[in-house]
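Structure first, commentary second.
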Amino acid sequence: MTNLQGKKMITVAMTGASGNMGKAVVKETMKLPYVKLRLLLLNGKRERNLIKKWQKEYGDRVEYFFGNMKYEGDCLQLVKGSDYVVNMAAIIPPQADRYPELARDVNIIGVQKLVLAIEAQPVQPKFIHISTVAIYGNRDFNHPWGRVGDPLLPSAYDEYGTGKLIGERSVLDSDIHTWAILRQTGILYDKLLMANISDGLMFHTCFNVPIEWATDHDSGVLIKNIIAKDYVNDNEGFWNKVYNIGGGAKYRTTGYETFDKGFGMIGGSVESFMRPNWQATRNFHCMWFSDSDELENRFHFQSKSMDEFWTDVKNKNRYFALAKLLPASAISAMVIKPLLRDKNAPYRWVVKEENEGRTNAFFGSREQWEAIGEDWSKFDVWNKNQIPGHNYSKEINIKYANKCKLNHGYDENKPDSELTLEDLQQAAAFRGGKCITTEFTKGDWYTKVEWECAEGHRFKASPYTVLKAGHWCPHCIQESHWNFDQLAKKNPFYAQVWYDTHEKEENAMYYINSKGLALVA
Ligand SMILES: [Zn+2]
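As C-alpha cells, this is what we get:
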C-alpha cells in the first residue's frame, strides 16, 4: 500500500500506547504521513476514551484491538504483518506494588509472549523494547554517572525493576533479528507533581540521588525520529544495541532539587514541606547517563530544560497560584504529612510497622534511620555542597563522568572487531565466574557462549549481553528475591557500586512472600 506521495505505508504495532510515554509516541509518530498504527490496548475506560480521541484525530490510520500481552494469540494479532513493534507496556510503581500479578503479566510474561510472536513471523518486524533505569538500582554521589554495561542491581522489594530486568533479558536472549532496547529514565509529564503527592512512593526518592529526567514529549520525538530515519535507510549501526534514554545535561539534577523545584511552583520548598527522615536514604534508582548523548546525536530529540518544563507546568495549572496564599506548614500538614501513613511510605515501615526488611533495605538499620532526625541543619545535602569530597556544582560535568566510570572487566579501548576469548575469560573472572566455552570467533559479539557464575550456575548468553549490556547470571536474579549482599561478596563487578550504599558486613536476603509481605532473612 502507498500513501498520497507514492511512498510505501508502514505499520507500527504498539503496546502501552495509553501510558505517559505511549500517548506522546502516538502523537509524534502520527506526524509521519506514511505511518499506520496498530495498538494493543487493555479494555479500560481510559483506553476507550483515548481510542475515541485518536480515531477522531487520525481516522483509520489508527487501528486497535483490546487484549492482553500475556496471551500469545493477542501478541500474534498485534505483530502480524507489521514493520515495527514498539513495546512500551509496563506496570510501574505504585501499581506494580499493588498488583504484582498484573505487573508480572506485563513486565515479564507479556514481553516473552511478544518475543515469541515476533520470532514466529516469516518476515520479522523490527523490535523496539522500552526498558528502564530501575534495573541499574541505587546510585549516590560516589558514582552518580552510569552507562549501558554497568551492573544491573535492582533495588530490594522493587518488583518492577526486577521484572523489567527479566523481561529485557528475554529480548537479548531471543532470536529476533533486528531489535533495540531503550532504557527509559524517569519521565517528566504535566501531571507528575499531582500524581506524586498521592502515594508514599514519593518518599522513596532519596534527596542525595542523581537523576537525569526526560520528558514524555521528547521520548515521543525520539521514537518518531528512529522510525523516520530508518524509513530512509539512514540508521546505520543503530540496531541490536542497548541505549539509555535521558534528557541530557539540562535535565541532570538530584532528588532534593527535583522536590524543591516542584514545590516551588506552589510557593514552597523541600525544606518547608518535608523533613529529612521522611525520605529513604538508599534503595532507589536513577543516575546521570554519561551515554545519553548517543541517542541524542543520532536522533536529536532533547528539547528545552527542566526549568522550562516546570514553568510550562505552572502556566498550565493556574490554580497552583492559589496554593501560594497558604503557609507552607499548612500545605505540608494537609497534603504531604498524611502520606507518611500510606502503605508505601518508608516512615510508616520504620515507625508503625517496624518492618525490619524494608527498614534495613531503605535505611541500613533502625539506628541509622534514627540518626537522620528532622532537622535540616543536621542533614547533609549534596547539591548544597555539604558532602565533603563531592562538590556538586564543580563535578556535574562529563569530565567527572569519565573519572568515575565503572569497570566492565575487559579492555574497552580495543576495537569491537578485536574481541577475543581472553576478553570473555577476563570479564567472567571480574564477575566472580568463568567463561566455559573454549571455541570463539574473534569479534563475534552475538553468538551465545556458555558461562558459569560464582554460585556455580551455568547459562548461555552472548558476549554483547554480558560485556556490553551488563547482564550476568539469570538464575541469580529471581522475582521477589534480592540477594545482592551475598552476590557482591564474590562479584567485583557488582561490588564496585554496591558498597557505595551498603556495608560489607550486611548479609540480607530480602524477599516478598506469597502473601505479599516484605521480609528479610
Ligand atoms: Zn548464578
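Just so we're aligned: the sequence shown equals residues 237 to 757 in my numbering. Even for Gly, the Cβ is constructed at its ideal location relative to N, Cα and C. Remember, predicted model here, so these are calculated numbers, not experimental data.
| message | Using 8 angstroms as the cut-off, can you tell me whether the region 684-694 makes contact with the region 374-384, which would need three or more C-beta pairs spanning the two stretches below that distance? | response | No, because fewer than three Cβ pairs between the region 684-694 and the region 374-384 fall closer than 8 angstroms, the two stretches do not touch.
| said: Which residue wins for smallest C-alpha separation from Glu530, given the options Asn580, Asn551, Trp475, Asp341? | reply: Trp475
| request: Return the residue from the list Glu532, Met501, Tyr492 that minimises the CA-CA distance to Gln515. | output: Tyr492
| field | Distance CB(Glu654)-CB(Lys670) smaller than 8 angstroms | value | No, the pair does not count as a contact, with Cβ atoms beyond the cut-off.
| task | Kindly indicate the opening and closing residues of the beta strand (DSSP E) around His453. | result | Counting along the chain, His453 falls outside any beta strand (DSSP E), though it belongs to the alpha helix (DSSP H) covering 452-467.
| request: Report the partner residues of Ser367 according to the DSSP bridge assignment. | output: Arg419
| task | Pick out whichever of Asn727, Pro563, Glu299 has its Cα sitting closest to the Cα of Lys740. | result | Asn727
| said: Going by DSSP, what residue range makes up the beta strand (DSSP E) through Asn480? | reply: Its beta strand (DSSP E) spans residues 477-481.
| Is there contact between the region 596-615 and the region 522-539, where contact requires at least three CB pairs shorter than 8 angstroms? | no
| task | Verify the CB distance criterion: does Glu739 have a CB-CB separation below 8 angstroms to chain D? | result | Of the protein chains in this structure there is only one, and it is not chain D.
| said: Please return the same chain residues whose Cβ sits closer than 6 angstroms to the Cβ of Asn743, not counting the five positions on each side in sequence. | reply: Asp721
| Under a criterion of Cβ closer than 5 angstroms to any non-hydrogen atom of ligand 1, which residues qualify, in chain order? | Cys689, Glu691, His693, Cys709, His711, Cys712
| task | May I ask you to list the residues that DSSP assigns as paired with Met250? | result | Leu275, Val322
| Inter-stretch contact (C-beta, 8 angstroms, three-pair minimum) for the region 318-327 and the region 358-371 | yes
| said: Counting beta carbon pairs with one atom in the region 329-340 and one in the region 471-488, are three or more of them shorter than 8 angstroms? | reply: A contact is defined here as three or more CB-CB pairs under 8 angstroms, and the region 471-488 fails this definition with respect to the region 329-340.
| query | Going by Cα to Cα distance, which pick from Gly309, Trp605, Gly593, Ile748 is closest to Tyr583? | reply | Trp605
| request: Just the C-alpha distance for Tyr393 and Gly600, rounded to the nearest angstrom, thanks. | output: 14 angstroms
| field | Contacts around Glu308, its chain only, beta-carbon distance under 7 angstroms, and the 5 residues preceding and following it disregarded | value | Lys349, Leu352, Ala353
| request: Taking all protein chains shown into account, decide if Asn285 is buried (16 or more other Cβ within 10 angstroms of its Cβ) or exposed. | output: exposed
| message | Can you check which of these residues, Glu603, Leu437, Glu590, His626, is closest to Asp578 by C-alpha distance? | response | Leu437
| request: Sort Val549, Lys540, Glu648 by Cα distance to Val457 and report the nearest one. | output: Lys540
| task | Output the distance between the C-alpha atoms of Asp680 and Lys263, rounded to the nearest integer angstrom. | result | 39 angstroms
| request: Using alpha carbons as the reference points, say which of Trp708, Arg534, Ala597 lies closest to Tyr746. | output: Ala597
| From Tyr300, Asn519, Ile402, pick the residue whose C-alpha is nearest to that of Ala339; which is it? | Ile402
| Stretch pair the region 309-323 + the region 277-291: three plus CB contacts closer than 8 angstroms | no
| request: Specify the secondary structure class of Phe622 as computed by DSSP and reduced to three states. | output: Checking the displayed sequence, the identity of residue 622 turns out to be Gln instead of Phe. Correct three-state label for Gln622: coil.
| request: Within the same chain, show all residues whose beta-carbon is closer than 7 angstroms to that of His626, passing over the 5 residues directly before and after it, in chain order. | output: Phe377, Trp618
| said: Just to confirm, is the Cβ distance from Arg518 to Thr737 under 8 angstroms? | reply: Between Arg518 and Thr737, the C-beta gap is smaller than 8 angstroms, which places the two residues in contact.
| field | Cβ-based burial, Ser434 [other Cβ within 10 Å; buried from 16] | value | exposed
| query | Rounded to a whole number of angstroms, what is the C-alpha to C-alpha distance between Trp449 and Thr441? | reply | 13 angstroms
| query | Using the rule of at least 16 other Cβ atoms within 10 Å of the residue's Cβ for burial, across every protein chain shown, is Ser629 buried or exposed? | reply | exposed
| Taking Cβ positions, are Ile246 and Asp319 nearer each other than 8 angstroms? | yes
| Sequence-distant residues of its chain with Cβ nearer than 7 angstroms to Tyr700 (five each side left out) | Trp681, Tyr682
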